[in-house]
Amino acid sequence: MDVKTVLDVAKFAHISLTDEEAERYCKDLGDILSYFELLNEAPDCDERGVNPIKVEDVLRDDVPKVEYDADLLLKDMDTYDRYVRGPRLS
Amino acid sequence: MTMDATLRDLKKINEKYQMFHTMTDNTDPCDAKFLFSAKDNLTSKDMETCAGSRILEGYHPIFDAASIEKLREVGGKLIGKTNMDEFGFGTFSANSGFEIPRNPYDTSRACGGSSGGSACAASVIEDHISLGVSTGGSICCPASFCGVYGIAPTYGRVSRFGLIDYGNSLDKIGVLSQKAGDLREYMKIIAGKDDRDPTSMVQPDFDTGYKKMKSVAIPKEGTEGLSKEVESVFKEAVEKLKSMGVEVDYVDMPSLRYAMPAYYILATSEASTNLARYVGMRYGHQEGDHTLKFDDYFTEVRTKYFGDEAKRRILLGTFTRMAGFGGRHYAKAREVRQVVINDYKRVLKDHDAVLAPTMPFTAPKFDDISKMSALDSYKADYLTVPANLAGTPHLSVPCGYDSDGMPVGMQFVADHWNESVLFSIAEDWEKQFDLKRPEVSI
């Protein structure tokens, strides 16, 4: 792990770091990732589930339904003309 | 006592212990059959929900989490939302954007995390149950530090609808209480299928009958690295179990030592994607500068409002998902999860539960926590992480006290969907265990 990688990852994750923070996280992540090398000693396994139990797709009936009033959902959101307000795209 | 007086007393207690981030102002008795609290990552329509994060300040959900909804339906009154590590990221509830709960037995010590406020409320308030959420040990750890009973059920047993996700493949909602019997009683209410959470739809019926625990297996790996006092209290507790007719065997479970790194890779990978939604739009703080380009706007809000540990886990999870590293470690972590599950299944074929101390030490002082590195703190989870990675139900019971009077817990892990044997051992244990409640003054 090096500071440049930490800054690249932070940019990707939309987090800005000061020089001091980048150094500190670099050391922390370096220590943590070194410890994770322990996994190299772990036995292999053919199975790689996403969930710890078997999960099936359970779909509800394909009938339109409105669970929540849109105005209620929007009440605490910063909106303009019932659209959620956001930053510039370009 | 009127509801008004009860809430007034609880507010005074909260000044000392800081278990609640938000408390209800509704003094209407509304025929409440019981009072309960819930971890602040469970949405509640009458109280702000922040999950311990300043980025969600001001978020007022318009729906209840399924577990809160069910408790209200049977006459429960939600009195408060409990303090926690930000989004569940911690072992001591000290990584909060808000108040840090204080241990009921010694306020200079932590409650454990991340459901620390819930464990504190369950310990301090008479006849109270609190909903907690466990991703890597966040129910059993604080239950152990605060001297209460706590259960994290099988993954998928309780609907996660309305839970603010940390790691979707790991999060489980459970119950903490001073009374063992409450775990069975209230889990019965919150368990069950819910089509709003597909992972809850495959569960078998919830067996609520008594099922005596006849045998436990103690893995060698679960008794390494303990403090002297925890080791000694645990040994005594094992002797008591034997005297109760529980057969005790000692086994090897070599996979357990790989669970911690596998857990942190999977949990932070999932967390970093879940937290991508918090960008200063729709929930919480939304006062960013809209003249900025979206990348800069998102970065400004996230940098300002995420705490130190949230940033660390986002960075770690983002990195582990990146090409190169991801192929090497993420896939391996998924394999290790299966290896751990297989190891539990092997041992649980001949035993009712796997047993070990819940935590390797008793509740540490805040001064000592501040000196721990991030890795030290992650390593402290090595006893609670394996069952969480495997999605197996696990329960912590108070089993003794150290020389400072701090509680020690022991953790039973049962096979998937076999919660009933855990409830039964907790109830049997309670009959012969002398629970020392903390002295609570208003």
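These protein sequence lines are chains A and B, in that order.
With this note's numbering, you'll find the first sequence wraps up at 1060, consecutive numbering, no jumps.
With this note's numbering, you'll find the second sequence wraps up at 455, consecutive numbering, no jumps.
Ideal Cβ placement from N, Cα and C applies to all residues, glycine included.
This structure is a prediction, so every number in the text was calculated from the model and none was measured.
key: Interfacial residues, the stretch 164 to 184 of chain B to chain A, with Cβ spacing under 9 Å   = Under the 9 Å Cβ criterion, the stretch 164 to 184 of chain B contributes Thr-167, Tyr-168, Gly-169, Asn-181, Ser-182 and Leu-183.
ask   = Which whole runs of the alpha helix (DSSP H) in the stretch 188 to 271 of chain B are 4 residues long or more, in chain order?
value = For the stretch 188 to 271 of chain B, whole alpha helix (DSSP H) runs of length 4 or above, ordered along the chain, are 193 to 203 and 241 to 256.
message = When you measure from the CB of Asn-1010 of chain A to every non-hydrogen atom of the ligand GDP, does any distance come out below 6 Å?
response = This structure does not include the ligand GDP; it has no bound ligands of any sort.
request  = Out of B:Asp-208, B:Ile-68 and B:Gly-150, state which residue places its alpha-carbon closest to the alpha-carbon of Leu-288 of chain B.
outcome  = Of B:Asp-208, B:Ile-68 and B:Gly-150, the residue nearest in Cα terms is B:Ile-68.
request  = Could you please give the first and the last residue of the uninterrupted beta strand (DSSP E) stretch that includes Asp-119 of chain B?
outcome  = Looking at the DSSP string, the run of the beta strand (DSSP E) that includes Asp-119 of chain B is 119 to 123.
query = Can you name the start and end residues of the beta strand (DSSP E) that Tyr-995 of chain A belongs to?
reply = Unbroken run through Tyr-995 of chain A is the alpha helix (DSSP H), 989 to 1006; no beta strand (DSSP E).
ask   = To the nearest angstrom, how far is it from the Cα of Val-243 of chain B to the Cα of Thr-148 of chain B?
value = Cα to Cα, Val-243 of chain B sits roughly 24 Å from Thr-148 of chain B.
request  = Going by DSSP, name the residue or residues bridged to Thr-95 of chain B.
outcome  = Bridge partners of Thr-95 of chain B: B:Phe-33 and B:Lys-52.
request  = Using a cut-off of 7 Å between C-beta atoms, extract the partners of Pro-1013 of chain A located in chain B.
outcome  = Within 7 Å Cβ-Cβ: Val-352.
inquiry  = Please list, in chain order, the chain B residues whose beta carbon lies closer than 7 Å to that of Lys-1024 of chain A.
reply    = Within chain B, the residues near Lys-1024 of chain A are Val-215.
message = Under 8 Å, with one C-beta from each stretch per pair, do the stretch 106 to 125 of chain B and the stretch 343 to 359 of chain B reach the 3-pair mark?
response = Touching, no.
request  = Can you have a look at Glu-283 of chain B and say buried or exposed, based on whether 16 or more other CB atoms are within 10 angstroms of its CB?
outcome  = Its Cβ being crowded by 16 or more others within 10 Å, Glu-283 of chain B is buried.
message = Would Leu-1059 of chain A pass as an interface residue toward chain B - the criterion being a Cβ-Cβ separation below 7 Å?
response = At least one CB of chain B lies nearer than 7 Å to the CB of Leu-1059 of chain A.
query = Between Gly-297 of chain B and Thr-371 of chain B, is the Cβ-Cβ spacing less than 7 Å?
reply = No, the Cβ-Cβ distance between Gly-297 of chain B and Thr-371 of chain B is not below 7 Å.
ask   = Which residue or residues does DSSP assign as beta-bridge partners of Pro-420 of chain B?
value = BP columns for Pro-420 of chain B point to B:Tyr-414.
Ser-143 of chain B - partner residues in DSSP beta bridges = DSSP lists B:Ser-50 and B:Leu-189 as partners of Ser-143 of chain B.
Proximity test, Cβ basis, 7 Å: Gln-299 of chain B and chain A = For Gln-299 of chain B, the closest Cβ of chain A is nearer than 7 Å.
request  = Under 8 Å by Cβ, that's how I've got Val-146 of chain B and Asp-184 of chain B pegged, so tell me the actual separation to the nearest angstrom.
outcome  = Going by Cβ atoms, the distance from Val-146 of chain B to Asp-184 of chain B rounds to 6 Å, so yes, they are a contact pair.
inquiry  = My output table needs one value for Asn-39 of chain B: the three-state DSSP class, helix, strand or coil.
reply    = In the structure shown, Asn-39 of chain B sits in coil (DSSP, three-state: anything other than H, G, I, E or B).
request  = Report the option in B:Asp-22, B:Pro-232 and B:Asp-363 whose CA atom is closest to the CA atom of Ile-92 of chain B.
outcome  = When each option's Cα is compared against that of Ile-92 of chain B, the closest is B:Asp-22.
request  = Work out the CA separation of Asn-116 of chain B and Gly-130 of chain B for me, nearest whole Å.
outcome  = In this structure, the straight-line span from the alpha carbon of Gly-130 of chain B to that of Asn-116 of chain B is close to 9 Å.
ask   = Which bits of chain B does Asp-998 of chain A rub up against, with CB to CB less than 8 Å?
value = Using a Cβ-Cβ cut-off of 8 Å, Asp-998 of chain A is close to Arg-325, Ser-386, Ala-387 and Leu-388 of chain B, given in chain order.
request  = Determine the burial state of Thr-988 of chain A: buried for a count of at least 16 other Cβ atoms within 10 Å of its Cβ, exposed for fewer.
outcome  = Thr-988 of chain A is exposed by the Cβ-count criterion.
message = Within a Cβ cutoff of 6 Å, which residues of the same chain sit near Met-200 of chain B, ignoring the five residues on either side of it in sequence?
response = Correct list, in chain order: Val-188.
query = Can you give the Cα-Cα distance for Gln-351 of chain B and Gly-1019 of chain A, rounded to whole angstroms?
reply = Cα-Cα distance, rounded: 7 Å.
ask   = Between which two residues does the alpha helix (DSSP H) harbouring Leu-288 of chain B extend?
value = It is not in any alpha helix (DSSP H) - Leu-288 of chain B carries neither H nor E in the DSSP assignment.
request  = Output yes or no for whether 7 Å exceeds the beta carbon distance between Ala-132 of chain B and Val-161 of chain B.
outcome  = A Cβ-Cβ contact shorter than 7 Å links Ala-132 of chain B with Val-161 of chain B.
task = Indicate whether at least one CB of chain B lies closer than 7 Å to the CB of Asp-1032 of chain A.
result = Look at Asp-1032 of chain A: its C-beta is not under 7 Å from any C-beta on chain B.
request  = Within 10 angstroms of the Cβ of Tyr-1038 of chain A, are there 16 or more other Cβ atoms? Answer buried if so, exposed if not.
outcome  = Counting every other CB atom within 10 Å of its CB across the protein chains shown gives Tyr-1038 of chain A a total below 16, marking it as exposed.
query = Between the beta-carbon of Ala-366 of chain B and the beta-carbon of Ala-427 of chain B, is there less than 7 Å?
reply = Going by C-beta atoms, Ala-366 of chain B is nearer than 7 Å to Ala-427 of chain B.
ask   = Any Cβ of chain B within less than 7 Å of the Cβ of Val-973 of chain A?
value = No, its Cβ sits nowhere closer than 7 Å to a Cβ of chain B.
request  = For Glu-348 of chain B, go through chain A and note every residue whose CB falls closer than 7 Å to its CB, in chain order.
outcome  = Simply Asp-1014, Cys-1015 and Arg-1018.
request  = Give the DSSP-derived three-state secondary structure of Asn-116 of chain B in the structure shown.
outcome  = Correct three-state label for Asn-116 of chain B: strand.
ask   = For chain B, is any of its Cβ atoms less than 7 Å away from the one on Ala-1040 of chain A?
value = Taking Cβ atoms only, chain B never reaches closer than 7 Å to Ala-1040 of chain A, which makes this a no.
message = I'd like to check one pair, Val-261 of chain B with Lys-253 of chain B: are the Cβ atoms closer than 7 Å?
response = No, the pair does not count as a contact, with Cβ atoms beyond the cut-off.
ask   = How many angstroms separate the CA atom of Ser-267 of chain B from the CA atom of Pro-232 of chain B?
value = Before going on, a small fix: residue 267 of chain B reads as Pro here, not Ser. For the pair Pro-267 of chain B and Pro-232 of chain B, the Cα-to-Cα distance works out to about 9 Å.
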